[in-house]
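Novice:
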Amino acid sequence: GQQLNQSPQSMFIQEGEDVSMNCTSSSIFNTWLWYKQDPGEGPVLLIALYKAGELTSNGRLTAQFGITRKDSFLNISASIPSDVGIYFCAGRTLYQGGSEKLVFGKGTKLTVNP
Amino acid sequence: ETGVTQSPTHLIKTRGQQVTLRCSSQSGHNTVSWYQQALGQGPQFIFQYYREEENGRGNFPPRFSGLQFPNYSSELNVNALELDDSALYLCASSRSGLDGYTFGSGTRLTVV
Numbered sequence: 837g838q839q840l841n842q843s844p845q846s847m848f849i850q851e852g853e854d855v856s857m858n859c860t861s862s863s864i865f866n867t868w869l870w871y872k873q874d875p876g877e878g879p880v881l882l883i884a885l886y887k888a889g890e891l892t893s894n895g896r897l898t899a900q901f902g903i904t905r906k907d908s909f910l911n912i913s914a915s916i917p918s919d920v921g922i923y924f925c926a927g928r929t930l931y932q933g934g935s936e937k938l939v940f941g942k943g944t945k946l947t948v949n950p
Numbered sequence: 010e011t012g013v014t015q016s017p018t019h020l021i022k023t024r025g026q027q028v029t030l031r032c033s034s035q036s037g038h039n040t041v042s043w044y045q046q047a048l049g050q051g052p053q054f055i056f057q058y059y060r061e062e063e064n065g066r067g068n069f070p071p072r073f074s075g076l077q078f079p080n081y082s083s084e085l086n087v088n089a090l091e092l093d094d095s096a097l098y099l100c101a102s103s104r105s106g107l108d109g110y111t112f113g114s115g116t117r118l119t120v121v
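Below is the structure:
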């Protein structure tokens, strides 16, 4: 089945540093999404990417949809303590019966030291 | 606009029992999906409902079933609970074909 390889698995950084994480897949996706999940909460959408090659920013976050449609990266600039959490990439794909589903990576756990 | 709300937030059940989890979609969203998130893992797709019908299912057995109501709210039912069913169950709503999915905070199910 479809799988996403997300790396790194965890990161420990100092406040103010930039962060980069990425996802790769053996399958093509028509949309890439990046979510952040805090403990005890559901994932919250950060950025959605709809076209191959698309580069999108949301404040200090920047994400790109790979040209091959099989990868995506997320950058966080000038990290702050509230960036702590688990970041998930997700690929959206058409599924049987015309439905859609999201395939998630295993997450990148980010720790920011003040 | 209200987001996606799920109930209950936490639940403890005994192996073999049945459980029903509930979800209210975000206003304007007509598609509901359910995901299971085991500890330390990403969410796994269970199934999706659109116009009150299941129109896609992941690799989950038939004892996982669901309903979608005319107001787009939804239920997830799990029969014959097993210990491995312990997880965070997430409901996500969307406008079909548009935007990303909005997730609820989930129901933490513990099977003992």
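Chains as they are written, first to last, in our numbering: chain A, 837 to 950; chain B, 10 to 121.
C-beta: ideal position from N, C-alpha, C; glycine also.
None of these values were measured; they are calculated from a predicted model.
1) Do three or more CB pairs link the stretch 91 to 101 of chain B to the stretch 13 to 26 of chain B at distances below 8 Å?
2) May I ask you to list, following chain order, the residues of the stretch 874 to 885 of chain A that have a beta carbon less than 8 Å from some beta carbon of chain B?
3) When burial is assigned at 16 or more other CB atoms within 10 Å of the CB, is GLU61 (chain B) buried or exposed?
4) Does PHE78 (chain B) have its Cβ less than 7 Å from a Cβ in chain A?
5) Does any residue of chain A bring its CB to less than 7 Å from the CB of PHE69 (chain B)?
6) At which residue ranges does the stretch 49 to 86 of chain B contain complete beta strand (DSSP E) runs of 3 or more residues, listed in the order of the chain?
7) What is the DSSP secondary structure of ASP919 (chain A), reduced to helix, strand or coil?
8) For a contact meaning CB atoms closer than 8 Å, what does GLN57 (chain B) contact in chain A?
9) Between A:GLY878, A:GLN850 and A:LEU885, which lies nearest to THR929 (chain A) when the distance is taken from Cα to Cα?
10) Do you know offhand how far GLN77 (chain B)'s Cα is from LEU85 (chain B)'s?
11) Is the beta carbon of GLY927 (chain A) closer than 7 Å to that of TRP870 (chain A)?
12) In or out: ARG24 (chain B) buried (at least 16 other Cβ within 10 Å) or exposed?
13) Please return the same chain residues whose Cβ sits closer than 7 Å to the Cβ of GLN26 (chain B), not counting the five positions on each side in sequence.
14) In terms of DSSP beta bridges, what is TYR44 (chain B) paired with?
15) Determine, using beta carbons only, whether GLY902 (chain A) comes closer than 7 Å to chain B.
Specialist: This is what the structure gives:
1) Below 8 Å, enough C-beta pairs join the stretch 91 to 101 of chain B and the stretch 13 to 26 of chain B to call them touching: three or more.
2) Of all residues in the stretch 874 to 885 of chain A, GLY876, GLU877, GLY878, PRO879, VAL880, LEU881 and ALA884 have a Cβ within less than 8 Å of some Cβ in chain B.
3) Exposed, since its Cβ has fewer than 16 Cβ neighbours within 10 Å.
4) It does not: the Cβ of PHE78 (chain B) has no partner Cβ on chain A nearer than 7 Å.
5) By this cut-off, PHE69 (chain B) is not an interface position.
6) Runs of the beta strand (DSSP E) inside the stretch 49 to 86 of chain B: 53 to 59, 62 to 66 and 73 to 77.
7) For ASP919 (chain A), the three-state secondary structure derived from DSSP is helix.
8) TYR931, SER935, GLU936 and LYS937, listed in chain order.
9) Ranking A:GLY878, A:GLN850 and A:LEU885 by Cα distance to THR929 (chain A) puts A:LEU885 first.
10) Approximately 9 Å, taken between the alpha carbons.
11) No. Outside cutoff.
12) Around the beta carbon of ARG24 (chain B), fewer than 16 other beta carbons lie within 10 angstroms, which makes this residue exposed.
13) Here the set comprises LEU90.
14) TYR44 (chain B) is bridged to B:PHE54 and B:LEU99.
15) No - not a single Cβ of chain B is within 7 Å of the one on GLY902 (chain A).
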